[in-house]
Amino acid sequence: MSLTCPVGPERGLLQPSPEACRRVFLDSPILCPRRYNALFGLEADGMPAVVLDMTYGLSETKSRARQADRATRGNNLLKERLDQICKEAEAAILGDGAAILVLSHRRASQSRVPVSSLLAVGAVHQDLIAKKLRAKVALVVEGADAHEIHHFCCLLGFGCDAIYPYLCYLSLLRVRGTDLPLNQRIENFRKASDGGILKVMSKMGISCLQSYKGAQLFQAVGMDKEVIAKCFTGCKFVLNGAGFNIFEMDAMELHKMAFPDRPQPPLVDNEVEELEDFGEYHFRSIHETEIHMNTPDVIYKMQEAARSNSTEAYKMFSTWQNKITEQTEIRGQLEFLSEECDPIDISEVEPAVEIVKRFCTGAASFGSISDEAHRAMAVAMNRIGGKSNTGEGGEDPMRFTQLEKGEFEAGGAKWDIVNGDSFRSKIKQVASGRFGVTAEYLANAEELQIKLAQGAKPGEGGELPGYKVIGKIAETRKATPGVGLISPPPHHDMYSIEDVAQLIKDLKNANPAARISVKLVARLGIGVIASGVVKGKADHLTISGMSGGTGAAKWGSIKHCGLPWEIGLAETHQTLVLNGLRNRVTLQTDGQVRTGRDVVIAAMLGAEEIAMTTAPLITLGCIMMRKCHLNTCPVGVATQDPELRKKFTGQPEHLINYLFMVAEEAREIMASLGIKKFNDLIGRTDLLRPKGYLKDNPKTADLDFADLLKPAWTMENSMSNIAELPMYCCEPQDHELAHALDQSLISRCAPALQDKEKVHLKGININNVDRSVGGILSFEVSKKFGAVGLPDGTLHVSFIGSSGQSFGNFLAPGITFELEGDANDYIGKGLSGGTLVVYKPNQAPYASHDAIIAGNAALYGGTAGKAFFAGIAAERFAVRNSGATAVCEGEELPRDRS
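In short: position in the sequence shown from 1, add 18, done, that's our numbering.
The structure is reproduced here in structure tokens:
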């Protein structure tokens, strides 16, 4: 990856000349003072720089209050100033021959208000594009408001070429407690900023800055279409809302903070004025602080309710939590149309014992959280008929068996185990790292979840620090103790929607009894993606929102990645209904769902199931110290330190109590709406409306929820009977397992499967429509014999022909597949102890070392077994191999085949 980028006037691509090379090459878009000043010395080289002022005056009104009031009435100086800046930019290029335009905040003062650098850059960039002048000039921002990675990435993404964050450097000048010279502080800042920009680029799949600049890889929430059209043309947006008037009001407020009306006492001696911490990253109890979902009071009440099973404590928690949601989440802006419904007695509503079966815990892996916390969630969810999720770290096979009555010591807690309890997680996750994914692991699941992305950090893989990869965790993940683990953002067997369908088929063959789930991230356009996944035979979709908890993401990801689940869920439901696919898939959502109110709104937007992770962990003792990644969790929830794990005091009953109270609150709301069955709630957005008081607040007055709340059955499409289509899953997917080649193999291998007698099947014809061969056979072996499987050489099957994708899919111990011919992509995927032998046809005229006989990503995620290829394997051979032995005559490397 590279941040090196040429800036300045571009010449015609069709007329190469030495003049075309006369550009400034920057090694980083974050300029140091020396590089910034150098830009003003290029006039002799034909690249003059012109500074444009990014501020506007207060002189016309003499008062910030009066100016803010004018803004709310549509007389907007900010918009006028943006228009002026665009005209000044055009004049500088055409009149002054400017090759570098510097948009500067330097004139900001008590009488001049700074314009948002992002608005200015976006407006100038789009205006110059429209006038066909953008290629003639470089845009540089000398900004005071850009100081975080997200700020830099937004500026670059919307057209800026370079950034000089002068106020950051002035702040570094006054840093106390360090002996580093200023230039070293600045270089450290630039290096850290460069690393952050590269991280964002990598999440978007971009390797060079030239491709990222102006790409506008962003989506806006709650921004007025006029602002989008002027400053961010073409950017996707939802919930039309804040316009230039709101941005001017905010500018006035920030200006007031910088230049208070009240006189300031003089500073004496070495005294310095410290800025207030407004709690952007951590909860603070000061006035006008950033609102956080998790406050000490809310956490305390949630834990009190869960531990004492107190309805009174839960109602207080729910009231506080819903109040916070009003200030932080989209669903908090909505209310139920209870007065237009005929309420029913709560006894007529579906019982809580049925509703809790729709609850799941999210994908917190064994390793990211302690064994005690992981087991507690599994026991609790199994008792109520819900589902717990392993996360992407595998699961200890010792947890697959049912428990007998007794006492279990978990850290500092003792649990009363009853007959039939189980530590087994019903949902087994399959992520890109394939940690701990074996045939036995897959066979012991009721649901297999393909993690395409995580709502809290889309574009990033899971990460587990080396100090957590110890003992049983390393063993379960098939990893080296002490070595940190990072899942790659992409699955190496997935480069198209067809590959998603193939992985779905692989997993369904590896466990025919499990439903196959795909986890997607909420975003605009998710409906099309979801439709493709459902057509690929997924049984279940999870729409993950940006608010999902994570202990392994950078702050930039936590604060600025993803969209609310309300947006993604509503679009997914609407699109699936419109395409006649909704009846074939179950929808689930996750992302800080806490109360019965949240559950009901999720159902109305289209969800049949609800996943929660942070809330269950809080009921088990989590106090949101945000030290998960440091292994220093003081309550034993998210640590592997033996001493800290002793402090774990959570009980499965605590989580069960909480979930039942959530379900009871949902029942009360259902009764007030006259809804008897949970299924009858699904998709009923006609029972929601924006809260009336939103019109009283200028910042929320223009929010438009029409698209979000439009009932799917009222939308137009080619189907005349759309109103009659089901709003929830009522028809299973046809995975065509009855026609799989494995079915004929199983019947002929009965002696081996029942009595471990040796069986050798010869001359089995195979062709490229026979995909995932070996998956169902391995499931039968793993289900009956576990990880040990059959003795070596018990089952030997000889094939002839060209196999389809995923030949030898999760092949279990004791099974040998011999293929005379060649194999498509993903042969030996997840090899789990079996043996694969592939060689060219005997009559083939070519030498084996000249022929490719195995496709891409062979042995991806293999954990045990052997594979022998008498020929060349294609690209990504044995990627993420964690224990399988492989022999081949060569690997095809990526190269130019033109």
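In this text, a Cβ means the ideal position worked out from N, Cα and C, and glycines have one as well.
According to the DSSP secondary-structure assignment, Phe696 is paired through a beta bridge with no residue. At the C-beta level, Gly484 and Val501 come within 8 Å of one another.
Judged by DSSP secondary structure, Arg533 falls within the beta strand (DSSP E) whose first and last residues are Arg533 to Val539. In the structure shown, the three-state DSSP call for Leu121 is strand. Beyond the five residues adjoining it in sequence on each side, Ser866 comes within less than 8 Å, by CB distance, of Tyr857, Lys858, Ala888, Gly889 and Glu907 in the same chain, given in chain order. For Gln472, the three-state secondary structure derived from DSSP is coil. Residue state for Glu61 is assigned as helix, using DSSP reduced to three classes.
Here the alpha carbon of Ala625 sits roughly 25 Å from the alpha carbon of Val316.
Residues of the same chain with a CB within less than 7 Å of the CB of Ala428, apart from the 5 flanking positions on each side, are Glu390, Arg393, Ala394 and Phe666 in chain order. DSSP places Asp295 outside any alpha helix (DSSP H), giving it a letter other than H or E. Short of 6 Å from the beta carbon of Phe377, and not among the five residues preceding or following it, lie these beta carbons of its own chain, in chain order: Gly404, Ile628 and Leu677. Counting only runs that start and end inside the segment 181 to 207, the alpha helix (DSSP H) elements of at least 4 residues fall at 184 to 191.
Counting along the chain, Phe426 sits inside the beta strand (DSSP E) bounded by residues Gly424 to Ala428. Membership of Ile103 in the alpha helix (DSSP H) is indicated by the continuous run Leu95 to Leu112.
The residue from Thr313, Phe384 and Ala126 with its alpha-carbon nearest to that of Gln447 is Phe384.
Between the alpha carbons of Asp414 and Thr494 lies a distance of about 6 Å.
Within its own chain, the residues whose Cβ lies closer than 6 Å to the Cβ of Leu706, once the five positions on either side in sequence are excluded, are Leu352, Met622 and Leu727, listed in chain order. Note on Asn437: under 16 other CB atoms within 10 angstroms of its CB, so exposed under the neighbour-count rule. The continuous stretches of alpha helix (DSSP H) do not include Pro708, which lies in the beta strand (DSSP E) extending over residues Leu706 to Pro708.
Contact between the segment 818 to 829 and the segment 517 to 528 is established, with three or more Cβ pairs separated by less than 8 Å.
Between Glu671 and Gly614, the C-beta gap is not smaller than 8 Å, which leaves the two residues out of contact.
A distance below 8 Å separates the beta carbons of Ile48 and Asp212. Taking 8 Å as the cut-off, the Cβ atoms of Gly177 and Ala117 do not count as close.
Counting along the chain, the unbroken beta strand (DSSP E) around Trp433 starts and ends at Ala431 to Ile435. Between Asn601 and Cys767, the CB-CB gap reaches or exceeds 8 Å. Separation of the CB atoms of Ala260 and Gly240 is rounded to 6 Å, and the pair is thereby assigned contact status at 8 Å.
In the three-state scheme derived from DSSP, where H, G and I count as helix and E and B as strand, Phe678 is classed as helix.
Within the same chain, Cys378, Ser535, His558, Leu559, Thr560, Ile561, Ala625, Glu626, Glu627, Ile628 and Ala629 come within 8 Å of Gln606 by CB-CB distance, once the 5 residues on both sides are set aside. For Thr604, the CB contacts under 6 Å within the same chain, skipping 5 residues up- and downstream, are His558, Glu626 and Cys747 in chain order.
Cys359 sits in coil when the DSSP states are folded into three classes, being neither helix nor strand. In this model, Asn263 and Asn94 are separated by some 6 Å (Cα to Cα). For Leu137, the CB contacts under 8 Å within the same chain, skipping 5 residues up- and downstream, are Leu96, Leu100, Val245, Cys249 and Phe265 in chain order. According to the DSSP assignment, Gly75 belongs to the beta strand (DSSP E) that extends over Thr73 to Gly75.
Judged by DSSP in its simplified three-state form, Tyr230 adopts helix. Residue range Ala882 to Ala891 is occupied by the beta strand (DSSP E) that includes Lys884, with no alpha helix (DSSP H) assigned at that position. Closest in C-alpha terms to Phe354, from the list Gln861, Leu699, Ala882 and Val897, comes Leu699.
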